[in-house]
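All residue numbers for the sequence shown refer to numbering that gives the first Met the number 0, where the first residue is 0 and numbers rise by one. Just so you know, even glycine gets a beta-carbon here, dropped at the ideal spot from N, CA and C. In this text the structure is predicted, and so the values were computed from the model without any measurement.
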Amino acid sequence: MLKNLKRAAAIVLSFAMAIQFGLANSYYVNAEEEPVEPQQEQTTTVENNNELQEEETNETAAPETKSVELSYVAEDGTILQAATYRDFDLNYSLNADSSVMLNFDGYTLKDVIVNNSHAASADQVSLNVTSELASVQFVYKKVTTETDHQTTEQPKTEEKMMTMLRQTRIRKRK
């Protein structure tokens, strides 16, 4: 009797290990299979074809996308960020997308050039993805601030003061 109990425990443990490693699914599937008659096989293949046709129609219902080149340059031709290609759904508005409308320190968006031909002011342009849209170039203008002017003027005044000091020292020596 103890021998039979050990065998049963070994079978249960091996089945538990098979479940743990994912092997039990194949045993379970094989256990439930019944002999199939030829008429039933034909029916299932027709159903499979219908399912494939349904899947194909579901895939075509997905929204169309368009690949658009985005480039960011300054007025003087400096490249602020390397050009990238991104896929967008048709009729997607680029104006509201913060990953498209980038901000760069020291620059403000001035113009937008669409398809390397049509330039428009950044305030007036409405960017929607269409089938004709191939590239968008964002042109930025460098912002000059008063601190920039002050920092450039300070070295000049310091140079003037140094030259004046040198001149006064030279005069005193004479």
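Which residue's Cα is closest to the Cα of Val128: Leu93, Ala82, Val99 and Glu157?
Ranking the options by Cα distance to Val128, first place goes to Leu93.
Check Val124 in the structure and name its three-state DSSP category.
Correct three-state label for Val124: coil.
Going by beta carbon distance, what residues of the same chain come within less than 6 Å of Leu126, once the five residues before and after it are set aside?
Around Leu126: Leu93 and Asn94.
Just tell me which of Lys141, Asp96 and Thr83 has its CA closest to the CA of Thr77.
Nearest of Lys141, Asp96 and Thr83 to Thr77, Cα basis: Lys141.
Check whether the region 81-88 and the region 116-123 are in contact - that is, three or more C-beta pairs closer than 8 Å.
They do not touch, by the three-pair rule.
Taking the alpha-carbon of Lys109 as reference, which of Glu158, Tyr71 and Phe14 has the nearest alpha-carbon?
Measuring from the Cα of Lys109, the nearest candidate turns out to be Tyr71.
Does the ligand MG have even one heavy atom less than 7 Å from the beta-carbon of Thr129?
You won't find the ligand MG in this model; it holds no ligand whatsoever.
Quick one: using the 10 Å Cβ neighbour count with 16 as the cut-off for buried, is Phe137 buried or exposed?
Buried is the call here.
Per DSSP, Asp96 is paired with what?
In DSSP, Asp96 forms no bridge with anything.
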